[in-house]
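Numbering (the UniProt record's numbering), first residue to last: 1 to 193.
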Amino acid sequence: MIKVYRFTGLSALLVILLIFLILFLLTLLISPIIILLILLLTLYLLYLRFKKSIVELLRRVKKKKIKISEGSAPGKLEIEVAKNTPERSVVEGFKDLDPEIEDFIKYLISKGFKYDIKTGTLYYGSKTVYPIYKKAYPINEIIRLYHSKPEVDVIVLGLKGTPDNPKFIYIIPVEESKERMSIGELQRYLKRF
1 MIKVYRFTGL SALLVILLIF LILFLLTLLI SPIIILLILL LTLYLLYLRF KKSIVELLRR
61 VKKKKIKISE GSAPGKLEIE VAKNTPERSV VEGFKDLDPE IEDFIKYLIS KGFKYDIKTG
121 TLYYGSKTVY PIYKKAYPIN EIIRLYHSKP EVDVIVLGLK GTPDNPKFIY IIPVEESKER
181 MSIGELQRYL KRF
């Protein structure tokens, strides 16, 4: 004999109510996961859209130079965040220059370079000069000379020592220069004054 179960009355209502309750609880459990996935997908799509500007912002933050002021008291360290000095193809005047570059230009003038006050240009013989001074060798011994090629004839790099008396001076023609050069490549441009 076959038994037939019928859901009528109160038992049918309880079963339907139980099914809706189980579906509601499953929805409550799964909804945070779905919301989290939608949020992550949205963030990823925003990252893809603005990736270039984010990378550029991080690059600018990494470029900030930190200078430790020499007037710091023992035990205290004063750090000044220096502004990136805009690279110039021509020296525009002593007022708005970095003090190190200003001292380096004065040193070069004392060694026979000419400075035209009217145009604000530094000359080595008849060639225009782009002066650069670096306090020390970088860790990887590769020196960045410029970000964009300067519109001058010669790049003069002062290295080590002080700006008013660098140990090494390299006079590099712009045609032969690269954005980054190693110390080995610079050796053939070393000049003694």
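For glycine and all other residues, C-beta sits at the position ideal for the given N, C-alpha and C. Note that the coordinates shown come from a computational prediction; the quantities given were computed from them, not determined experimentally.
Tell me which same chain residues have a C-beta within less than 8 Å of the C-beta of Lys167, skipping the five on either side of it? The residue you call residue 167 lines up with position 167 of the sequence shown. Closer than 8 Å at Cβ, skipping near neighbours: Leu159, Lys160, Gly161.
Just the C-alpha distance for Glu87 and Tyr146, rounded to the nearest angstrom, thanks. For the purposes of this step, residue 87 is identified with residue 87 of the sequence shown, where counting begins at 1. For the purposes of this step, residue 146 is identified with residue 146 of the sequence shown, where counting begins at 1. Confidence at Glu87 is low in this model, with a pLDDT of 44, below 50, so the placement of that residue should be treated as unreliable; the coordinate-derived value is given next. Roughly 8 Å between the two C-alpha positions.
Given a cut-off of 8 Å, decide if Ile169 and Lys135 are closer than it, judged by their beta-carbon atoms. Position 135 of the sequence shown, counted from the start, is the residue given in the question as residue 135. Position 169 of the sequence shown, counted from the start, is the residue given in the question as residue 169. For Lys135 and Ile169, no; Cβs fall outside 8 Å.
Please report the Cβ distance between Glu100 and Tyr133, rounded to the nearest whole angstrom; I am assuming they are in contact, meaning their Cβ atoms lie under 8 Å. In the sequence shown, residue 100 corresponds to position 100, counting from 1. In the sequence shown, residue 133 corresponds to position 133, counting from 1. Confirmed, Cβ separation roughly 5 Å.
Pick from Thr8, Leu122, Leu17, Ile143: whose alpha carbon is nearest that of Arg180? Reading the sequence shown from its first residue, position 180 is the one you call residue 180. For the residues Thr8, Leu122, Leu17, Ile143, the minimum Cα distance to Arg180 belongs to Ile143.
Contact check, Val174 vs Val156 under 8 Å by CB: the rounded distance? The count along the sequence shown starts at 1 and reaches residue 174 at position 174. The count along the sequence shown starts at 1 and reaches residue 156 at position 156. Incorrect: roughly 11 Å between the Cβ atoms, too far for contact.
Out of curiosity, what's the CA-to-CA distance linking Glu176 and Ile35? By one-based count along the sequence shown, residue 176 stands at place 176. By one-based count along the sequence shown, residue 35 stands at place 35. Their backbone Cα atoms lie some 58 Å apart in a straight line.
Status (buried if at least 16 other CB within 10 Å, exposed otherwise) for Ile172: For this step, residue 172 is matched to residue 172 along the sequence shown. Buried, because 16 or more other Cβ atoms sit within 10 Å of the Cβ of Ile172.
Asp98 beta carbon less than 8 Å from that of Asp164: Working through the sequence shown from its first residue, we reach residue 164 at position 164. Working through the sequence shown from its first residue, we reach residue 98 at position 98. Contact flag unset, no.
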